[in-house]
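Enquirer: Heads up: the protein sequence lines correspond to chains B and E, in order. Sequential numbering from 6 applies to the first sequence in my numbering. Sequential numbering from 6 applies to the second sequence in my numbering. Starting off with a structure, shown below.
2 protein chains.
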Amino acid sequence: MIYIGIDLGGTKISGALFNTNNSILLRETLLLEGKGGEEVGKLICKVCEEILKKGGFDESDDKCIGVCVPGISYSKNGRVWCPNIPGWENYPLKKELENRFPNSNITIESDRTAYILGEVSLGVAKGCDNAIFIAVGTGIGAGILIDGRVLHGASDIVGATGWMALKPPYNKEWDTCGCFESHASGTGIAMQAGKVYPEKVTSRDVFEAYDKGDPRAIAIIDEAIEMWGMAAANFVSLFNPQMVIFGGGLFGPASKFIDRIYNEARKWAQPIAINQCKFEVTQLPNDAGLYGAGAIAIKNEQE
Amino acid sequence: MIYIGIDLGGTKISGALFNTNNSILLRETLLLEGKGGEEVGKLICKVCEEILKKGGFDESDDKCIGVCVPGISYSKNGRVWCPNIPGWENYPLKKELENRFPNSNITIESDRTAYILGEVSLGVAKGCDNAIFIAVGTGIGAGILIDGRVLHGASDIVGATGWMALKPPYNKEWDTCGCFESHASGTGIAMQAGKVYPEKVTSRDVFEAYDKGDPRAIAIIDEAIEMWGMAAANFVSLFNPQMVIFGGGLFGPASKFIDRIYNEARKWAQPIAINQCKFEVTQLPNDAGLYGAGAIAIKNEQE
Chain B
6 MIYIGIDLGG TKISGALFNT NNSILLRETL LLEGKGGEEV GKLICKVCEE
56 ILKKGGFDES DDKCIGVCVP GISYSKNGRV WCPNIPGWEN YPLKKELENR
106 FPNSNITIES DRTAYILGEV SLGVAKGCDN AIFIAVGTGI GAGILIDGRV
156 LHGASDIVGA TGWMALKPPY NKEWDTCGCF ESHASGTGIA MQAGKVYPEK
206 VTSRDVFEAY DKGDPRAIAI IDEAIEMWGM AAANFVSLFN PQMVIFGGGL
256 FGPASKFIDR IYNEARKWAQ PIAINQCKFE VTQLPNDAGL YGAGAIAIKN
306 EQE
Chain E
6 MIYIGIDLGG TKISGALFNT NNSILLRETL LLEGKGGEEV GKLICKVCEE
56 ILKKGGFDES DDKCIGVCVP GISYSKNGRV WCPNIPGWEN YPLKKELENR
106 FPNSNITIES DRTAYILGEV SLGVAKGCDN AIFIAVGTGI GAGILIDGRV
156 LHGASDIVGA TGWMALKPPY NKEWDTCGCF ESHASGTGIA MQAGKVYPEK
206 VTSRDVFEAY DKGDPRAIAI IDEAIEMWGM AAANFVSLFN PQMVIFGGGL
256 FGPASKFIDR IYNEARKWAQ PIAINQCKFE VTQLPNDAGL YGAGAIAIKN
306 EQE
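Put into structure tokens, the structure is as follows:
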């Protein structure tokens, strides 16, 4: 069987040929260059074609293709919602790929689902059947693998973790992106900083100010740590995972707080469940989405 | 096929013969009378024997038996933890039943899992593949059905909802039973009341005082409503269910607050997910656990 993983990012499409143990045999990358709509669909097909050509395969050979998209994959109709790709509000990606590659088993998943599958197939959670990947970047989302299966939910929007309710009473400033995300994502940390710094600062600036002992930064980061701990505790109590993995752009600079996050979670979580659960920072290579896409292709065939 | 559902309660064992559409054909009940250990296992067998006899079946006929236990069912080894049954810290219930009824397909689930299966097979969530049952009684737990499957997790303790982290900073008074449960379960409401009433009061007393306009009761119940709303919002954002069902002893008197709970949840939850989700109070007959056990027996054969 031929396994192809495709990671659709904001600026490029990365593709790779995988073997069954999730190593990359060869790669292919194309830049998006601001393209949208069907053009992006065709570029994805082109990446697949190049991989097949480089690998010396025939296009009619049976293959499994796993695709990781930065948004939502609607598992029931094969469409995707990718807010950063123009014209991909409800794009029929699966149909497009099936038309181009008829002898293919195609699975499309959200990036957060790809990350958790990447982690359990070759990252820190290797071999786990129950693990959570909390992706903390511009926003916050989670990939959830329980009882050996990734969750989808009624309309494929499980893991909308940024909306976690953690700090009553409700505050209107959370309307746009949720309570947790408004305090503990990259955007959220910058937003909180905007209230206490006269100049415009990024979350990275806040982490640097924290390191220099700036009390304003310390207050913001301490609150984020408390919230990361509470949110992780809620995952532990509700899902009973073997591992909670923090990743995304902020882990990164927040990685050094993983022990403080665990200690905060420990206070709140169901005591047996937290005792059985490890907290880790992602160790996946930079292209987590690509490895996840490969894992999706391989898992797909096994099911 | 013969379908038998068994509900092990704190004081009695209820059993019934079911047909495939989850109606009860005949019943049998035995009292526990304080028994523990193997004696309870034998009583469960006896209930099954009586049902088979009354139904005119032979003991060697193929059958599916679903059992609902008030505690945790360890799916990997067939043992159960039931804190209210003496000697059932780690009781090999599945083995006991398999020894007695060799031609049987036996599945044991926790009561909260039985409740959600009961709801989707014949209650308000009939036909749903994605639904959450939040059981609010002495404690708080949840039965979770996602993508058509009940979740178990690494060690079968998913849904430990009473431990949900909802109100920072952490308070030591939550050590025993968790933040959410310490404010919004029967025990929790009585515990909060203990701080403001000179006499000993139950949660039922607090609901009655609320109806009479007592401001102490109003403050306690208002906080519980906020927390029920936040917790339900977290289920909606994380699991993307079609329905959240409130049940257990407090729903009951708290049923009239379901709209306020929904309105609170609406503030916090991922907006698309909450728009697609209904909140309901359980409509299951009194013996929800028994109907759930029947649903387990029937579902078991279909898998």
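Glycine included, C-beta positions come from ideal geometry on N, C-alpha and C.
Tell me whether the beta-carbon of B/L13 lies closer than 8 Å to the beta-carbon of B/A21.
Expert: Cβ distance not < 8 Å, so B/L13 and B/A21 don't count as in contact.
Enquirer: To be precise: take each residue of the stretch 214-245 of chain B, compare its Cβ to all Cβ atoms of chain E, and keep it if any distance is under 7 Å. Which residues remain?
Expert: Those residues of the stretch 214-245 of chain B that come within reach of chain E (Cβ to Cβ, closer than 7 Å) are E231, M235, A238, N239, S242, L243, F244 and N245.
Enquirer: Which whole runs of the alpha helix (DSSP H) in the stretch 144-229 of chain E are 4 residues long or more, in chain order?
Expert: Complete alpha helix (DSSP H) runs here, min 4: 186-189, 191-201 and 208-216.
Enquirer: Please tell me whether E/A170 has its Cβ less than 8 Å away from any Cβ of chain B.
Expert: Output row for E/A170: interface = yes.
Enquirer: Contact between the stretch 202-221 of chain B and the stretch 168-182 of chain B is defined here as three or more beta-carbon pairs at a separation below 8 Å; is this criterion met?
Expert: Not touching, per the Cβ criterion.
Enquirer: From E/I137 to E/M196, what distance separates their C-alpha atoms?
Expert: C-alpha separation (whole angstroms): 26 Å.
Enquirer: Give, in chain order, every residue of the stretch 51-81 of chain B whose Cβ lies closer than 8 Å to some Cβ of chain E.
Expert: Within the stretch 51-81 of chain B, no residue qualifies.
Enquirer: Can you grab the Cα-Cα spacing for the pair B/I223 / B/E186, in whole Å?
Expert: Cα to Cα, the separation comes out at about 18 Å.
Enquirer: How many whole angstroms separate the CB atoms of E/G132 and E/P91, which I take to be in contact at a CB cut-off of 8 Å?
Expert: Incorrect: roughly 40 Å between the Cβ atoms, too far for contact.
Enquirer: When burial is assigned at 16 or more other CB atoms within 10 Å of the CB, is B/E33 buried or exposed?
Expert: B/E33 is buried by the Cβ-count criterion.
Enquirer: Between the alpha carbons of B/E178 and E/L243, how many angstroms are there, rounded?
Expert: When rounded, the distance between both Cα atoms is 21 Å.
Enquirer: How many angstroms separate the CA atom of B/V206 from the CA atom of B/L255?
Expert: Each residue's alpha carbon lies about 15 Å from the other.
Enquirer: Taking the C-alpha atoms as reference points, what is the distance between E/K99 and E/H188?
Expert: The straight-line gap from Cα to Cα measures roughly 36 Å.
Enquirer: Mind checking which residues open and close the beta strand (DSSP E) that includes B/A136?
Expert: Where B/A136 is concerned, the enclosing beta strand (DSSP E) stretches over A136 to V141.
Enquirer: Could you tell me which of B/I225, B/I111, B/D152 and B/I56 sits nearest to B/G191, measuring between CA atoms?
Expert: When only C-alpha atoms are compared, the closest one is B/I225.
Enquirer: At which residue ranges does the stretch 100-130 of chain E contain complete alpha helix (DSSP H) runs of 4 or more residues, listed in the order of the chain?
Expert: Within the stretch 100-130 of chain E, the complete alpha helix (DSSP H) runs of at least 4 residues are 116-127.
Enquirer: Return yes when the Cβ of E/I77 is within less than 8 Å of the Cβ of E/D180, no when it is not.
Expert: In this structure, E/I77 does not lie closer than 8 Å to E/D180 by Cβ.
Enquirer: If the cut-off is 8 Å on Cβ atoms, which residues from the stretch 150-165 of chain B count as contacting chain E, listed in chain order?
Expert: Cβ contacts with chain E come from I151, D152, R154, L156, H157, G158, A159, S160, D161, I162, V163, G164 and A165.
Enquirer: By the DSSP assignment, the beta strand (DSSP E) with B/E33 in it spans what residues?
Expert: Per DSSP, B/E33 belongs to the beta strand (DSSP E) from I29 to L36.
Enquirer: Identify which residue in B/G183, B/A300, B/I111 and B/G39 has its Cα closest to the Cα of E/I277.
Expert: Comparing Cα positions, the closest option is B/G183.
Enquirer: Ends of the beta strand (DSSP E) at B/A21?
Expert: Start and end: K17 to F23.
Enquirer: Determine the direct distance from the alpha carbon of E/I11 to that of B/N110, and round the result to whole angstroms.
Expert: Each residue's alpha carbon lies about 43 Å from the other.
Enquirer: Going by DSSP in three states, E/C73 sits in which element: helix, strand or coil?
Expert: The answer is strand: DSSP assigns E/C73 an E or B state.
Enquirer: Roughly how many angstroms separate the alpha carbons of E/N27 and E/L122, rounded to a whole number?
Expert: Each residue's Cα considered, the two are about 11 Å apart.
Enquirer: Would you decide whether E/P107 is buried or exposed? Buried here means 16 or more other CB atoms lie within 10 Å of its CB.
Expert: E/P107 is exposed by the Cβ-count criterion.
Enquirer: Residues in the same chain with beta-carbon distance under 6 Å from E/I56, minus the five sequence neighbours each way, listed in chain order, please.
Expert: Closer than 6 Å at Cβ, skipping near neighbours: I9, G20, L22 and E33.
Enquirer: Does DSSP put E/L289 in a helix, a strand or coil?
Expert: Coil at E/L289, not helix or strand.
Enquirer: Please name the residue, chosen from E/K47, E/C53 and E/D116, that lies closest to E/C73 on a Cα-to-Cα basis.
Expert: Checking every option, the nearest Cα to that of E/C73 belongs to E/D116.
Enquirer: How many angstroms separate the CA atom of B/G297 from the CA atom of B/E38?
Expert: So the two alpha carbons sit approximately 24 Å from each other.
Enquirer: I need the DSSP call for B/K68, collapsed to helix, strand or coil.
Expert: It is a strand residue.
Enquirer: Sort out for me which residues DSSP pairs B/G297 with in a bridge.
Expert: DSSP, once it has assigned bridges, lists no residue as partnering B/G297.
Enquirer: Between which two residues does the beta strand (DSSP E) containing E/Y8 stretch?
Expert: Per DSSP, E/Y8 belongs to the beta strand (DSSP E) from I7 to L13.
Enquirer: Can you name, in chain order, every residue of its own chain whose Cβ lies under 6 Å from the Cβ of B/Q288, other than the five neighbours on each side?
Expert: Result list for B/Q288: G128 and V129, in chain order.
Enquirer: Taking B/E124 as the reference, give the member of B/G142, B/L150 and B/G46 with the closest Cα.
Expert: Here the closest residue by C-alpha is B/L150.
Enquirer: Who are the neighbours of B/N135 on chain E, taking C-beta pairs under 8 Å?
Expert: Under the 8 Å cutoff, chain E gives G158 and A159.
Enquirer: Give me the subset of the stretch 184-203 of chain B whose CB atoms are less than 7 Å from a CB atom of chain E, sorted by chain position.
Expert: Answer set for the stretch 184-203 of chain B: C184.
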